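Q: First residue of the sequence shown: 0, per numbering that gives the first Met the number 0; consecutive thereafter.
Following this message is one structure expressed as structure tokens.
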Amino acid sequence: MRVLGIAVLSVDGCLTRHGESGVSFASAEDQKEFRAAMRECGATVMGRRTFDVVRDRIVGSSDTALLRTIVTRDPSRYAQLARPGQIEFTAAGPREILGSLSERGYRAVAVLGGAQIYDLFVAHGLITEWQITVEPRLFGTGTRLLTRAADERLVLVEHRLLNANSLLLRYRVG
Ligand SMILES: NC(=O)c1ccc[n+]([C@@H]2O[C@H](COP(=O)([O-])OP(=O)(O)OC[C@H]3O[C@@H](n4cnc5c(N)ncnc54)[C@H](OP(=O)(O)O)[C@@H]3O)[C@@H](O)[C@H]2O)c1
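So, in structure tokens, the structure goes:
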């Protein structure tokens, strides 16, 4: 299974600007790449806090082609928002989530964060690729890509300017 971690970061490695939620600092070009990569995978996994930020957009979406799996310790709290095959809530561990997606025929999944979910998948050694956009910002404080000790070795497979200042980096893990 291809497991693609996708994130947009400040140059100093922040997923968020200070304590703010969301990625309003992401360029339009990054968001276009983000959507394309997500669609190519067909299945996504995100943490409940990330879901909360984009909840209205996801719940209001008529897109039936993309499965969003939201990781929470209390899936029953979100039962009313669930739509099997489109919006699913789970307390399963990362291996179980990927196993279930694989059994259902998915060959690629995009792991969309936030930090707790990247931490979880990295700790289990499950991310096979990263797509990271570095935006020309320095925040000093904010949620970092990873918050737990890790030692991933990455091989650069692509680097491309998305506009004059935003850099897309693709790595494989390994
Ligand atoms: N720059 C980027 O590319 C990017 C990407 C994604 C997110 N973000 C931002 O990052 C922020 C959110 O990141 P975050 O790290 O605070 O939260 P998160 O990873 O999105 O979600 C954390 C939640 O996931 C659930 N969770 C975590 N570990 C779990 C486990 N082992 N089992 C079951 N459930 C588990 C818990 O949900 P419950 O509390 O419901 O149990 C936890 O509160 C938001 O501001 C978002 O906009 C930025």
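Just so it is clear, CB atoms sit at the ideal spot from N, CA and C, and this is done for glycine as well.
None of these values were measured; they are calculated from a predicted model.
Identify every run of the beta strand (DSSP E) within the segment 58-123, keeping only runs that are complete inside it and at least 3 residues long; order them along the chain.
A: The qualifying runs are 66-70, 86-89 and 107-110.
Q: Between 2, 94 and 67, which lies nearest to residue 47 when the distance is taken from Cα to Cα?
A: If we check each option's Cα against that of residue 47, 67 comes out closest.
Q: The beta strand (DSSP E) spanning residue 45 covers which residue range?
A: First-last of the beta strand (DSSP E) with residue 45: 42-46.
Q: Taking only heavy atoms of ligand 1 into account, decide whether any of them is closer than 7 Å to the Cβ of residue 119.
A: Checking every heavy atom of ligand 1 against the Cβ of residue 119, one is found closer than 7 Å.
Q: Should the segment 49-64 be called in touch with the segment 120-129, which here means at least 3 C-beta pairs below 8 Å?
A: No: the two stretches stay apart, fewer than three of their Cβ pairs being nearer than 8 Å.
Q: Return the first residue and the last residue of the beta strand (DSSP E) that residue 147 is part of.
A: It is not in any beta strand (DSSP E) - residue 147 carries neither H nor E in the DSSP assignment.
Q: Go through its chain and collect everything with a Cβ distance to residue 155's Cβ below 8 Å, but skip five positions before and after it.
A: 168, 169 and 170, listed in sequence order.
Q: Could you spell out where the beta strand (DSSP E) holding residue 163 opens and where it closes?
A: From DSSP, residue 163 is part of no beta strand (DSSP E); its letter is neither H nor E.
Q: From residue 158 to residue 71, what distance separates their C-alpha atoms?
A: If you take the alpha carbons of residue 158 and residue 71, they lie about 34 Å apart.
Q: Taking the alpha-carbon positions, what's the residue 164 to residue 78 distance?
A: Distance between the alpha carbons of residue 164 and residue 78: 42 Å.
Q: What did DSSP end up calling residue 136 once you bin it into helix, strand or coil?
A: Looking at residue 136 - three-state DSSP - the assignment turns out to be coil, as it is neither helix nor strand.
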